[in-house]
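Since the structure comes first, as structure tokens, the remarks are kept for the end.
Protein chains: 2
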Amino acid sequence: MDPGQHRAVCLVSGGMDSAVTLAEARAAGFETYALSFDYGQRMEIELEAARRVATGLGAREHRVVHLDLAALGGSALTEPPAGANKTSSLEVPKDRDVAAIGAGVPATYVPARNTVFLAVALGWAETLGARDLFIGVNAVDYSGYPDCRPAFLESFENLARFATAAGTERGESFHVHAPLMERTKADIVRRAAELGVDLGVTHTCYDPVHTPRGVLACGRCDACKLRLKGFAEVGETDPVPYQTTNTTP
Amino acid sequence: MDPGQHRAVCLVSGGMDSAVTLAEARAAGFETYALSFDYGQRMEIELEAARRVATGLGAREHRVVHLDLAALGGSALTEPPAGANKTSSLEVPKDRDVAAIGAGVPATYVPARNTVFLAVALGWAETLGARDLFIGVNAVDYSGYPDCRPAFLESFENLARFATAAGTERGESFHVHAPLMERTKADIVRRAAELGVDLGVTHTCYDPVHTPRGVLACGRCDACKLRLKGFAEVGETDPVPYQTTNTTP
Numbered sequence: 001m002d003p004g005q006h007r008a009v010c011l012v013s014g015g016m017d018s019a020v021t022l023a024e025a026r027a028a029g030f031e032t033y034a035l036s037f038d039y040g041q042r043m044e045i046e047l048e049a050a051r052r053v054a055t056g057l058g059a060r061e062h063r064v065v066h067l068d069l070a071a072l073g074g075s076a077l078t079e080p081p082a083g084a085n086k087t088s089s090l091e092v093p094k095d096r097d098v099a100a101i102g103a104g105v106p107a108t109y110v111p112a113r114n115t116v117f118l119a120v121a122l123g124w125a126e127t128l129g130a131r132d133l134f135i136g137v138n139a140v141d142y143s144g145y146p147d148c149r150p151a152f153l154e155s156f157e158n159l160a161r162f163a164t165a166a167g168t169e170r171g172e173s174f175h176v177h178a179p180l181m182e183r184t185k186a187d188i189v190r191r192a193a194e195l196g197v198d199l200g201v202t203h204t205c206y207d208p209v210h211t212p213r214g215v216l217a218c219g220r221c222d223a224c225k226l227r228l229k230g231f232a233e234v235g236e237t238d239p240v241p242y243q244t245t246n247t248t249p
Numbered sequence: 001m002d003p004g005q006h007r008a009v010c011l012v013s014g015g016m017d018s019a020v021t022l023a024e025a026r027a028a029g030f031e032t033y034a035l036s037f038d039y040g041q042r043m044e045i046e047l048e049a050a051r052r053v054a055t056g057l058g059a060r061e062h063r064v065v066h067l068d069l070a071a072l073g074g075s076a077l078t079e080p081p082a083g084a085n086k087t088s089s090l091e092v093p094k095d096r097d098v099a100a101i102g103a104g105v106p107a108t109y110v111p112a113r114n115t116v117f118l119a120v121a122l123g124w125a126e127t128l129g130a131r132d133l134f135i136g137v138n139a140v141d142y143s144g145y146p147d148c149r150p151a152f153l154e155s156f157e158n159l160a161r162f163a164t165a166a167g168t169e170r171g172e173s174f175h176v177h178a179p180l181m182e183r184t185k186a187d188i189v190r191r192a193a194e195l196g197v198d199l200g201v202t203h204t205c206y207d208p209v210h211t212p213r214g215v216l217a218c219g220r221c222d223a224c225k226l227r228l229k230g231f232a233e234v235g236e237t238d239p240v241p242y243q244t245t246n247t248t249p
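Protein sequence lines correspond, in order, to chains Z and G.
Count the first sequence with my numbering and you get residues 1 to 249, in order.
Count the second sequence with my numbering and you get residues 1 to 249, in order.
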């Protein structure tokens with residue numbers, strides 16, 4: 001680490017937003033520590049993408065914390081997929097109009113997920129002596145999750161002062177950076193190019209399809225539709241392979 | 001569930017304080033949902049105690065969430081014990097004077113642990129439709145952890161409003177109950193008797209000793225010394241077996 005360089009813990013899901021967020025942390029001069037969660041996602045593919053992102057963007061370390069949120073139920077992202085042993089009552093929404101995404105909390109909402117992720121990031125930050133956390137949440141082209149808004153992040157910064165030895169004993173404060181908060185998906189696609197982020201290694205789809213040609217993004221879930229909208233607005237083609245990219249209903 | 005009975009998520013470590021806290025939740029009329037964590041503790045014995053406590057006190061459900069905080073390092077409670085493959089630089093403090101416990105953050109502090117635990121409890125609460133969380137933290141005979149204080153719990157309640165669909169969409173608030181916050185260990189021993197809590201099934205020791213006679217509490221770590229002080233003040237004998245109960249240095 002350069003003398004004077006500060007450490008930052010960056011939440012990395014393996015998606016486009018977290019990849020650009022990690023790149024923003026590096027561009028801001030931080031030594032980055034990437035943190036991912038194995039929380040009973042439907043697919044290991046997200047973690048593989050997170051590993052590629054962390055390595056590709058020069059994270060000093062990448063840790064994967066196993067956290068069995070599936071044990072608590074309540075989300076289509078942690079329920080077994082339809083066709084598995086158990087029938088899921090919570091299906092990943094498909095073919096929703098992009099304008100409708102964000103109106104109301106969808107079935108893919110994992111209760112308190114970002115709270116849990118930031119809490120663990122805070123713990124690691126305290127161990128590392130880091131005072132900066134980065135999270136790739138976005139309040140513009142977002143999916144309607146309550147824990148992706150500025151008021152949530154401010155209340156977490158407030159909590160961090162009382163939750164840590166650094167805050168209570170030494171009066172230090174933690175900063176939760178959300179550099180994509182006000183960016184559109186198109187902005188994020190452009191910013192990825194500026195920062196040299198290879199979006200081809202990222203994974204966004206909530207419901208990917210395994211085929212003999214490899215894994216394909218579905219092109220129909222909320223996450224795919226928002227991502228495709230971003231590329232379409234910039235006039236670029238997403239390097240990630242899709243089953244379908246027909247975004248009209 | 002009785003009509004009108006509310007659900008509460010209760011953090012249950014298996015120790016004396018969380019057992020009495022669970023009993024307080026039941027006595028207050030809640031249907032209780034016990035939540036424990038397998039977070040890389042040195043001993044499985046804590047989880048066994050948590051299971052006995054949850055069953056004995058009539059929890060409607062008991063879930064154990066695997067959370068690999070040991071991956072982040074930084075605490076004597078999640079470091080491998082001395083004598084294991086790797087030498088731990090963080091030893092459980094022993095034979096400290098009770099008056100000195102609480103002055104400063106000890107090596108057994110797991111960074112942001114209660115923040116993480118409450119965040120997961122919040123997620124389960126949202127799934128269950130519960131708005132009440134119970135945690136057995138204590139600011140009187142406590143171990144110096146920053147996340148055991150009223151200001152921490154208030155900042156968490158504030159966070160919960162912004163972190164959840166219940167809070168942001170329906171304006172509902174969550175209440176973090178800490179019924180033992182102002183109680184001494186002696187109060188807690190007395191309250192256990194009043195509520196019918198069998199303290200013999202609980203486990204408190206940070207560094208228990210496995211013997212042919214079974215597991216013995218060390219009697220020398222901060223947690224044992226505070227617990228023994230509580231029993232001594234009430235003039236009772238702790239039903240849990242100890243290696244030593246000589247609390248004078």
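We treat Cβ as the ideally placed atom computed from N, Cα and C, and that holds for glycine.
Exercise for review: Indicate whether at least one CB of chain G lies closer than 8 Å to the CB of Z/Ala151.
Suggested key: In the first sequence, residue 151 of chain Z corresponds to position 151, counting from 1. Chain G contact via Cβ: present.
Point to revise | Any C-beta of chain G under 8 Å from that of Z/Arg190 | key: By 1-based counting over the first sequence, the position of residue 190 of chain Z is 190. No, Z/Arg190 lies away from the interface with chain G (no Cβ there is under 8 Å from its Cβ).
Check your understanding: Of the choices Z/Leu22, Z/Arg183, Z/Arg96, whose alpha-carbon is the least far from that of Z/Cys148?
Key -> The residue you call residue 148 of chain Z lines up with position 148 of the first sequence. Among Z/Leu22, Z/Arg183, Z/Arg96, the Cα nearest to that of Z/Cys148 belongs to Z/Arg183.
Point to revise | Collapsed DSSP secondary structure at G/Leu180 in the structure displayed | key: The residue given as residue 180 of chain G occupies position 180 in the second sequence. Here G/Leu180 sits in coil by DSSP.
Check your understanding: Since G/Lys94 sits in a beta bridge, which residues does DSSP pair it with?
Key -> For the purposes of this step, residue 94 of chain G is identified with residue 94 of the second sequence, where counting begins at 1. According to DSSP, G/Lys94 bridges with G/Cys221.
Check your understanding: Of the residues that make up the stretch 118–130 of chain Z, which ones have a beta carbon closer than 9 Å to any beta carbon in chain G?
Key -> Leu118, Ala119, Val120, Ala121, Leu122, Gly123, Trp124, Ala125, Glu126, Thr127, Leu128
Exercise for review: Check whether the Cβ of Z/Thr55 lies closer than 8 Å to any Cβ atom in chain G.
Suggested key: Taking the first sequence and counting its residues from 1, one reaches residue 55 of chain Z at position 55. It does not; no Cβ of chain G falls within 8 Å.
Review point. Touching or not, the stretch 123–135 of chain G and the stretch 118–132 of chain Z, by the rule of three or more beta carbon pairs under 8 Å?
Key: no
Check your understanding: DSSP state of Z/Val240, grouped into three classes?
Key -> As a position in the first sequence, residue 240 of chain Z is number 240, starting the count at 1. Looking at Z/Val240 - three-state DSSP - the assignment turns out to be coil, as it is neither helix nor strand.
Check your understanding: So Z/Tyr242 packs on Z/Cys221, CB below 8 Å; how close in whole Å?
Key -> The residue given as residue 242 of chain Z occupies position 242 in the first sequence. The residue given as residue 221 of chain Z occupies position 221 in the first sequence. So it is not a contact: roughly 11 Å between Cβ atoms.
Exercise for review: Report, in whole angstroms, the separation of the C-beta atoms of G/Arg26 and G/Gly56, which I expect to be a contact under 8 Å.
Suggested key: Here residue 26 of chain G refers to the residue found at position 26 of the second sequence. Here residue 56 of chain G refers to the residue found at position 56 of the second sequence. Going by Cβ atoms, the distance from G/Arg26 to G/Gly56 rounds to 11 Å, so no, they are not a contact pair.
Review point. Of all the CB atoms in chain G, is at least one closer than 8 Å to the CB of Z/Gly167?
Key: Within the first sequence, the letter at position 167 stands for residue 167 of chain Z. Judged by the 8 Å Cβ criterion, Z/Gly167 is in contact with chain G.
**Study point:** Contacting residues, own chain, Cβ-Cβ under 6 Å from G/Gly136 (five flanking each side not counted)
**Key:** Walking along the second sequence from the start, residue 136 of chain G turns up at place 136. These residues qualify, in order along the chain: Asp17, Ser18, Thr21, Leu180.
Practice item. Please check if any C-beta of chain Z sits within less than 8 Å of the C-beta of G/Asp68. Key: Along the second sequence, one-based indexing puts residue 68 of chain G at 68. So yes, G/Asp68 belongs to the interface.
Review point. Does DSSP put Z/Arg63 in a helix, in a strand, or in coil?
Key: Here the question's residue 63 of chain Z lines up with position 63 in the first sequence. Of the three classes helix, strand and coil, the one that applies to Z/Arg63 here is strand, per DSSP.
Point to revise | Expected contact under 8 Å - CB spacing of G/Val53 and G/Val201 to nearest Å | key: Residue mapping note: residue 53 of chain G aligns to position 53 of the second sequence, counting from 1. Residue mapping note: residue 201 of chain G aligns to position 201 of the second sequence, counting from 1. Between G/Val201 and G/Val53 the Cβ distance is about 6 Å, and since that is below 8 Å, they are a contact.
Review point. Using the C-alpha atoms, what's the distance from G/Leu199 back to Z/Asp95?
Key: Walking along the first sequence from the start, residue 95 of chain Z turns up at place 95. Walking along the second sequence from the start, residue 199 of chain G turns up at place 199. Going by the C-alpha atoms only, they are around 55 Å apart.
Review point. Near Z/His6, what residues of its chain come up, given a Cβ to Cβ distance below 8 Å and the 5 sequence neighbours on each side ignored?
Key: As a working note, residue 6 of chain Z is residue 6 in the first sequence. Cβ within range, chain order: Gly29, Phe30, Glu31, Ala130, Arg131, Asp132.
Practice item. Could you please tell me which residues of the stretch 21–44 of chain Z, in chain order, have their CB closer than 8 Å to any CB of chain G? Key: So the list is empty, because no residue satisfies the distance condition.
Practice item. Give a yes or no on whether the minimum CB-CB distance between G/Val105 and chain Z is below 8 Å. Key: Counting from 1 along the second sequence, the entry for residue 105 of chain G is found at position 105. Annotation note: pLDDT 48 at G/Val105 (below 50); position unreliable, no value reported.
Review point. So which of Z/Ile45, Z/His62, Z/Gly167 has the shortest CA-CA distance to Z/Ala8?
Key: Numbered from its first residue, the first sequence carries residue 8 of chain Z at position 8. Comparing alpha carbon positions, the residue from Z/Ile45, Z/His62, Z/Gly167 closest to Z/Ala8 is Z/His62.
Review point. Run through DSSP, which three-state label would G/Ala8 get?
Key: Working through the second sequence from its first residue, we reach residue 8 of chain G at position 8. In the structure shown, G/Ala8 sits in a strand (DSSP, three-state: E or B).
Practice item. Please list the partners that Z/Leu159 has in chain G, where partner means a Cβ-to-Cβ separation under 8 Å. Key: Mapped onto the first sequence, residue 159 of chain Z falls at position 159. Per Cβ cutoff of 8 Å: Thr115, Phe152, Ser155, Phe156, Asn158, Leu159.
Review point. Could you give the residue range of the alpha helix (DSSP H) that holds Z/Ala70?
Key: Sequence index remark: in the first sequence, residue 70 of chain Z carries index 70 (1-based). That residue, Z/Ala70, is in no alpha helix (DSSP H); it is neither H nor E in DSSP.
Exercise for review: Kindly indicate which three-state DSSP category Z/His235 falls into: helix, strand or coil?
Suggested key: To locate residue 235 of chain Z, count along the first sequence from 1; it is residue 235. For the sequence presented, residue 235 of chain Z should be read as Gly rather than His. The answer is coil: DSSP assigns Z/Gly235 none of H, G, I, E or B.
Exercise for review: For Z/Glu46, collect the residues of the same chain with a Cβ closer than 7 Å to its Cβ; drop the 5 residues on either side in sequence, then sort them by chain order.
Suggested key: The count along the first sequence starts at 1 and reaches residue 46 of chain Z at position 46. Within the same chain, Z/Glu46 has close Cβ partners Ser13, Gly14, His203.
**Study point:** Closer than 8 Å at the beta carbon, the chain G residues around Z/Arg63
**Key:** Position 63 of the first sequence, counting from 1, holds the residue named residue 63 of chain Z. Neighbours of Z/Arg63 across chain G, judged by C-beta separation under 8 Å: Ala71, Leu72.
Check your understanding: In whole angstroms, what is the alpha-carbon distance linking Z/His175 and Z/Asn138?
Key -> For the purposes of this step, residue 175 of chain Z is taken as the residue at position 175 of the first sequence. For the purposes of this step, residue 138 of chain Z is taken as the residue at position 138 of the first sequence. The alpha-carbon atoms of Z/His175 and Z/Asn138 are separated by roughly 17 Å.
Point to revise | N-terminal and C-terminal residue of the alpha helix (DSSP H) that G/Thr21 is part of | key: By one-based count along the second sequence, residue 21 of chain G stands at place 21. Start and end: 16–27.
Exercise for review: Flag G/Phe162 as yes if its beta-carbon sits less than 8 Å from any beta-carbon of chain Z, otherwise no.
Suggested key: As a working note, residue 162 of chain G is residue 162 in the second sequence. Answer yes: the Cβ-Cβ gap between G/Phe162 and chain Z drops below 8 Å somewhere.
Practice item. Starting from G/Glu44, trace the beta strand (DSSP E) both ways and give me its first and last residue. Key: Position 44 of the second sequence, counted from the first residue, corresponds to residue 44 of chain G. Unbroken run through G/Glu44: none, as it is neither H nor E.
Point to revise | Reduced DSSP secondary structure (H/G/I, E/B, other) of G/Leu57 | key: What you label residue 57 of chain G is simply residue 57 of the second sequence in a count that begins at 1. Correct three-state label for G/Leu57: coil.
Practice item. May I ask you to report which of helix, strand or coil DSSP gives Z/Ala151? Key: Locating residue 151 of chain Z in the first sequence gives position 151, where the first residue counts as 1. Helix at Z/Ala151.
Review point. Using the beta-carbon count (16 or more within 10 Å), is G/Asp68 buried or exposed?
Key: Numbered from 1 along the second sequence, position 68 holds the residue referred to as residue 68 of chain G. That one is buried.
Point to revise | chain G contact for Z/Asp147 (CB, 8 Å cutoff) | key: Counted from its first residue, the first sequence places residue 147 of chain Z at position 147. Yes - at least one Cβ of chain G is within 8 Å of the one on Z/Asp147.
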